[in-house]
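Asker: Adding 149 to a residue's 1-based position in the sequence shown gives its number in this note's numbering.
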Amino acid sequence: MSRILKSGQLLVLVSSYALLLCMAQRTLADTSQCTFNFNGYTYNLSPLASAGVLSFEDFTGQYLVSVCGNIPSQSNPCLNVREAAAVRMAPGSRYCVKYGDANNMDASIQHDASGDNLMLTYSNGDSCQMQHRVANLVMKCAPSHVPGGIASVQELSSCVHTITIESAYACGTHPLLSAGWLFVLCYVFVLCAYVT
Numbered sequence: 150m151s152r153i154l155k156s157g158q159l160l161v162l163v164s165s166y167a168l169l170l171c172m173a174q175r176t177l178a179d180t181s182q183c184t185f186n187f188n189g190y191t192y193n194l195s196p197l198a199s200a201g202v203l204s205f206e207d208f209t210g211q212y213l214v215s216v217c218g219n220i221p222s223q224s225n226p227c228l229n230v231r232e233a234a235a236v237r238m239a240p241g242s243r244y245c246v247k248y249g250d251a252n253n254m255d256a257s258i259q260h261d262a263s264g265d266n267l268m269l270t271y272s273n274g275d276s277c278q279m280q281h282r283v284a285n286l287v288m289k290c291a292p293s294h295v296p297g298g299i300a301s302v303q304e305l306s307s308c309v310h311t312i313t314i315e316s317a318y319a320c321g322t323h324p325l326l327s328a329g330w331l332f333v334l335c336y337v338f339v340l341c342a343y344v345t
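#1: Determine whether the beta carbon atoms of Phe205 and Leu194 lie at a separation below 9 Å.
#2: Are Asp255 and Glu232 closer than 9 Å when you measure CB to CB?
#3: Beta-carbon separation of Gly321 and Phe187 under 9 Å?
#4: Specify the secondary structure class of Tyr190 as computed by DSSP and reduced to three states.
#5: Would Val230 and Arg282 be called neighbours here (beta carbons separated by less than 9 Å)?
#6: Do the stretch 266–281 and the stretch 293–300 touch if we need at least three Cβ pairs shorter than 8 Å?
#7: Is Arg237 near Val302, with beta carbons less than 9 Å apart?
#8: What is the rounded straight-line gap between the Cα of Val214 and the Cα of Leu267?
#9: Under a three-way DSSP split, which group does Gln182 fall into?
#10: Classify Phe225: buried if its beta carbon has 16 or more other beta carbons within 10 angstroms, exposed otherwise.
#11: Would you decide whether Asn285 is buried or exposed? Buried here means 16 or more other CB atoms lie within 10 Å of its CB.
#12: Assuming the contact rule is C-beta atoms closer than 8 Å, Cys290 and Ala319 should be a hit. Round their C-beta distance to whole Å, please.
#13: Assign Tyr248 to one of three DSSP states: helix, strand, or coil.
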């Protein structure tokens, strides 16, 4: 009788754990507007998005970028641009070039020598050579960079700007087991313990 009671207690414990794990995963997927899933990896950029506007300055001007959203009006110093997720402000000026907005955002995986990187593409920027400017935010995994920041800005092709952001939040996480498989394995374990 005590063996059955222990198996029953184990079943309750394991079932409770599996249910909590499942609820935690569902909450993350349902409440986050800045979470992306590719190839079994989850990229949760919500903490980076909540950190505010990222800034980077070089000889061409100051770059301002908002991850997963447009730059809030109270943080936007530009006189001529309001709806933008990525802009460049020329030195000594408050007039900006719009590289794209978050209302036109796509996510993909970019492959390079360092591995797979999440890339957010903001389109619908200012006119540039008969097209619109585009900003590619390449999210590089950098575990020591919390929340993270802009590492570099490059115009690799005409009117397409690559903004590299290094952040701990750009490191994709991969669950070892999904909640479904965890439940199945626990069920088999409890069944085996009960039978023996």
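Backbone N, C-alpha and C define an ideal beta-carbon position, used for all residues, glycine too. On a predicted model such as this, the values are computed, not experimentally measured, just so you know.
Answerer: The structure says:
#1: Not closer than 9 Å, so no.
#2: With respect to the 9 Å criterion, Asp255 and Glu232 are not classified as neighbours on the basis of their beta carbons.
#3: Taking 9 Å as the Cβ cut-off, Gly321 and Phe187 qualify as a contacting pair.
#4: It is a strand residue.
#5: By the CB criterion at 9 Å, Val230 and Arg282 fall outside the cutoff.
#6: The stretch 266–281 vs the stretch 293–300: no contact.
#7: Yes. Within cutoff.
#8: Their backbone Cα atoms lie some 16 Å apart in a straight line.
#9: Correct three-state label for Gln182: coil.
#10: The question names Phe, but residue 225 is Asn in the sequence shown. With 16 or more other Cβ atoms within 10 Å, it is buried.
#11: It is buried - the Cβ of Asn285 has at least 16 other Cβ atoms within 10 Å.
#12: Between Ala319 and Cys290 the Cβ distance is about 5 Å, and since that is below 8 Å, they are a contact.
#13: Three-state result, Tyr248: strand.
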